[in-house]
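Quick note on the numbering used here: the sequence shown kicks off at 79 and runs consecutively.
Note that CB positions come from ideal geometry on N, CA and C, so glycine has one too.
Please read all numbers here as calculations on a predicted model, not as lab measurements.
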Amino acid sequence: MRTLQTIPRIKGIPALNIGAIGQSRPEETSGSSKRSPSYSLSSGPESVSRLVEMNRHRLSVVWNGKLFIGGEYVARDLPLLKQSGITHILNVAGEECNNYFPNEFEYCMVVIQDSRLLSVSLESVLFDGICFINTAIMNGGKVLVHCREGVSRSATYVIAFLMWKEGWDFRQSLERVKECRPSCAPNTGFTVSLIKLQKILCNTRPPSVSRDEPMRLYRAGVHHPKAPFTVVVELGSRADNNKSEWTVTPILLDSRFVYILRPKTRRFYVWEGSEVTMGVRSALLSATTRFLNNVRQFECAPGERLEVMYVQQGEEPNELLDMLKGPTTTTLEALSPEASMLQSGAIFTWDSWLNHLRPTSKYAFLPAKVLSPPTYT
């Protein structure tokens, strides 16, 4: 069964200010630190270590008195957090740092290594963080973004938020963050991801403008056992007539998972394998829905819609088969641990994670229900 749906852009989050990209940075906003001298993007090991030590116990305000950055010491300091009016905490060091005060603050935990974003797509990881920050602030909250030292991972998320919210480019956003917290320095892998994000944000155009984009393939799966949601992994991309550009060759689709093919910028195929069980299906389609909502919210111009076709294995239209050049469906041994993890229920679904918020909370991500995948019979 095939189902074609379109996704409108949600109101409530402002569109990217394209005109502001590349312009000089605005004056310092109220509530942020005083302007300090510019810092070099690279420093020697001794100076970096000194800056990290100097800022280790510091809660740094970055934007409008509502967005803060810090490390684990700050995340453990309940009196400081209360005194500063923090209401929400984005913990991007979930593998090393716990959510220390779950009864006091709203948390969002992200588990990423302080190396690079690997193959996890920006639409799944960075955009979720931006949604969390923006929704909290829109509802009158104040947000702390922290990792272990408040240097790389937390800076990456704050920079990403500024790039989207203010329409600044990567360098402008980095300079703002370093002025407020000199020890901030996203590593090379994160820097590459932020530059990619800049390209995505700059490409937001009215639907009348067409672009030649390479096809991209994604898979809904597990990011980390400790992370309470599944994410979408980008497997590769290729030009229309150059199959060799796929990073995974040949194209093998595991029947236990859900895949997304993006042949055009605003058109998607969601392919569901024949061995996806009902419990796993809920988690994988939830991640897929969130992915598509993020694309719509952050990449589409106002009024632009996404075209999404849901397809079950064995019922693929000829157009999809031609684009994939005859994909092979199989059971990939490398994905068996991940499939077992999903089957065991060790991973929370998106909806169950939302239910773990405090019952009195009015803060959450944008709803993931805009797109309701069909129920197959």
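- P180 sits exposed, since fewer than 16 C-beta atoms from the chains shown fall within 10 Å of its C-beta.
- Runs of alpha helix (DSSP H) with 4 or more residues, each lying fully within the stretch 244-272, are found at 248-258, listed in chain order.
- Nearest Cα to K160 within the set K220, G149, Y185: K220.
- The shortest C-alpha to C-alpha distance from I273 to any of W246, M293, L370, L363 is the one to W246.
- For D155, there is no enclosing alpha helix (DSSP H), as DSSP gives it neither H nor E.
- Pairwise C-beta distances place the stretch 255-267 out of contact with the stretch 168-185, as fewer than three of them are shorter than 8 Å.
- Within the stretch 335-359, the runs of beta strand (DSSP E) at least 3 residues long that lie entirely inside it are, in chain order, 336-342, 345-350.
- In this structure, V386 keeps its C-beta atom at 8 Å or more from the C-beta atom of L363.
- With respect to the 8 Å criterion, V229 and C280 are not classified as neighbours on the basis of their beta carbons.
- Only residues of its own chain outside the window of five on either side were considered, and among them none has a CB closer than 6 Å to the CB of T269.
- Distance from the CA atom of G172 to the CA atom of L275, rounded to whole angstroms, is 23 Å.
- By the criterion of a C-beta distance shorter than 8 Å, R226 is surrounded in its chain by G149, E150, A171, E174, C175, D192, once the five residues flanking it on both sides are discounted.
- Going by DSSP, N396 is part of the alpha helix (DSSP H) stretching over 396-402.
- Boundaries cannot be given for G381, as no beta strand (DSSP E) includes it and DSSP labels it neither H nor E.
- Per DSSP, the beta bridge partners of W141 are L145.
- Bridge partners of I167 according to DSSP: Y185, L222.
- Between E353 and Q390, the CB-CB gap reaches or exceeds 8 Å.
- Assigned with DSSP and collapsed to three states, R134 falls in coil, not helix or strand.
- In the DSSP assignment, G207 falls within the unbroken alpha helix (DSSP H) covering 204-216.
- In the structure shown, Q391 falls within a coil segment according to DSSP collapsed to helix, strand and coil.
- Taking 8 Å as the cut-off, the beta carbon of V188 is found closer than this to the beta carbon of N169.
- By the neighbour-count definition (other C-beta atoms within 10 Å, threshold 16), H135 is an exposed residue.
- Separation of E382 and P157 (C-alpha to C-alpha, rounded to the nearest whole angstrom) is 45 Å.
- Ranking S125, L330, L240, G163 by CA distance to the CA of L137 puts G163 first.
- In the three-state reduction of the DSSP assignment, Y178 falls in the coil class.
- Bridge partners of L240 according to DSSP: none are assigned.
- Residue pairing from DSSP leaves L363 without any beta-bridge partner.
- Judged by their CB atoms, R340 and M401 are not nearer to each other than the 8 Å cut-off.
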